[in-house]
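See below for the structure under consideration.
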Amino acid sequence: MPSVDICFSPELLPLYDLRGRVAVVVDILRATSSIVTALASGVTHVFPVAELAECQALGEQHGCLTAAERDGRAAEGFDLGNSPFGYLDGVLPVRGRAVAISTTNGTQALRRSLAADAVVVGAFLNLQAVEEFARAQHKDVVVVCAGWKGKFCLEDTVFGGALAERLCDTFDVSSSDSTIAALHLWQQAKADLHGYLLQSAHVRRLNSLEANKDFEFCLRVDEYPAVLPIWKEDRLVALQAEVARV
Numbered sequence: 001m002p003s004v005d006i007c008f009s010p011e012l013l014p015l016y017d018l019r020g021r022v023a024v025v026v027d028i029l030r031a032t033s034s035i036v037t038a039l040a041s042g043v044t045h046v047f048p049v050a051e052l053a054e055c056q057a058l059g060e061q062h063g064c065l066t067a068a069e070r071d072g073r074a075a076e077g078f079d080l081g082n083s084p085f086g087y088l089d090g091v092l093p094v095r096g097r098a099v100a101i102s103t104t105n106g107t108q109a110l111r112r113s114l115a116a117d118a119v120v121v122g123a124f125l126n127l128q129a130v131e132e133f134a135r136a137q138h139k140d141v142v143v144v145c146a147g148w149k150g151k152f153c154l155e156d157t158v159f160g161g162a163l164a165e166r167l168c169d170t171f172d173v174s175s176s177d178s179t180i181a182a183l184h185l186w187q188q189a190k191a192d193l194h195g196y197l198l199q200s201a202h203v204r205r206l207n208s209l210e211a212n213k214d215f216e217f218c219l220r221v222d223e224y225p226a227v228l229p230i231w232k233e234d235r236l237v238a239l240q241a242e243v244a245r246v
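Below you can see the structure in the form of structure tokens.
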């Protein structure tokens with residue numbers, strides 16, 4: 001029986017052997033939620049990179065849009081920040097365009113997870129797509145929480161618990177204390193996810209930046225149930241509809 005494990009922070013990834021496993025990278029607020037929304041809105045592919053300079057260079061090299069954030073704020077000199085509404089508000093046409101993105105936590109976590117057999121992007125917005133993909137692979141799953149600057153993050157861990165609960169009928173979710181803890185957090189949170197996560201330090205940080213609308217949107221469960229960003233070669237593309245075995 002395959003298992004589900006939760007890595008609370010990218011700093012803990014050296015303790016995990018990702019080979020032969022599926023890595024689900026999650027940064028609920030807001031990188032992975034924005035990436036899911038971008039691909040759902042017609043963006044062709046996403047280049048997630050660690051450094052701002054690399055993001056700018058990709059924009060010039062490929063003629064793609066650039067999106068960047070540091071410490072919760074949109075970085076200067078880029079087309080977009082890290083809000084999912086950048087792909088929804090119609091101010092900047094995104095359909096048919098590629099996007100290069102660099103964020104404080106999420107894109108770093110993704111780049112550090114590439115040893116896995118498959119790397120996909122998870123959010124509450126596409127929880128169903130992540131669940132279906134994990135089932136189709138019949139491999140151990142590691143949820144890589146982006147956290148905040150290497151530290152534990154409540155909302156990413158709660159997502160891990162939500163995924164573990166959905167997979168518990170055919171996956172082992174009891175062999176790891178981190179998964180058990182994430183499940184307990186999700187069971188406490190799920191009746192009022194919005195209210196529960198208001199206590200999160202990152203939510204308070206975002207609300208101080210007047211990003212409450214982002215917070216509420218990122219907690220919509222299965223808003224895009226068939227959109228799965230998956231790593232292919234050097235980019236994320238959308239694996240939609242029927243989930244294919246990799």
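Using the UniProt record's numbering, read the sequence shown as starting at 1 and increasing by one per residue.
The beta carbon of each residue, even a glycine, is placed where N, CA and C say it ideally should be.
Treat the numbers as computed from the prediction; the structure is a model and nothing was measured.
Next item on the list: Please specify which runs of the alpha helix (DSSP H), each continuous and at least 4 residues long, are wholly inside the stretch 101-157, giving them in chain order.
Entry: For the stretch 101-157, whole alpha helix (DSSP H) runs of length 4 or above, ordered along the chain, are 106-111, 127-137.
Margin query: Quick check: the Cα distance between F133 and F124, rounded to an integer number of angstroms?
Written below: Whole-angstrom Cα-Cα distance: 15 Å.
Check: Can you give the beta carbon distance from F215 to L206, rounded, assuming they're within the 8 Å contact cut?
Finding: The Cβ separation is near 6 Å, so the contact holds.
Notebook entry, point to check: With C-beta atoms as the reference, is T44 less than 7 Å away from A98?
Noted result: Closer than 7 Å, so yes.
Margin query: Can you look up R30 in the DSSP assignment and give me helix, strand or coil?
Written below: Three-state result, R30: coil.
Margin query: Which runs of the alpha helix (DSSP H) at least 4 residues long sit entirely within the stretch 173-232? Give them in chain order.
Written below: Listed in chain order, they are 177-189, 193-197, 201-208, 212-218.
Notebook entry, point to check: So what's C55 in DSSP terms, helix, strand or just coil?
Noted result: Of the three classes helix, strand and coil, the one that applies to C55 here is helix, per DSSP.
Checklist line | For A67, three-class secondary structure by DSSP | finding: Here A67 sits in strand by DSSP.
Notebook entry, point to check: In angstroms, rounded to a whole number, what distance separates the CA positions of D156 and E233?
Noted result: Looking at the two C-alpha atoms, the distance is approximately 26 Å.
Note to self: Given a cut-off of 7 Å on the beta-carbon distance, is the pair S33 and P84 in contact?
What the structure shows: Taking 7 Å as the cut-off, the beta carbon of S33 is found closer than this to the beta carbon of P84.
Notebook entry, point to check: By the 10 Å Cβ neighbour count, where 16 or more other Cβ atoms means buried, how is V243 classified, buried or exposed?
Noted result: At V243 the pLDDT is 42, less than 50, meaning the model places this residue with poor confidence; the figure from the coordinates comes in the next sentence. Buried is the call here.
Item checked: Alpha-carbon to alpha-carbon, D169 and L80 -> Per the coordinates, the alpha-carbon of L80 lies some 40 Å from the alpha-carbon of D169.
Checklist line | Residue range of the unbroken beta strand (DSSP E) whose run includes P48 | finding: It spans 46-48 - the beta strand (DSSP E) in which P48 sits, taken as one unbroken run.
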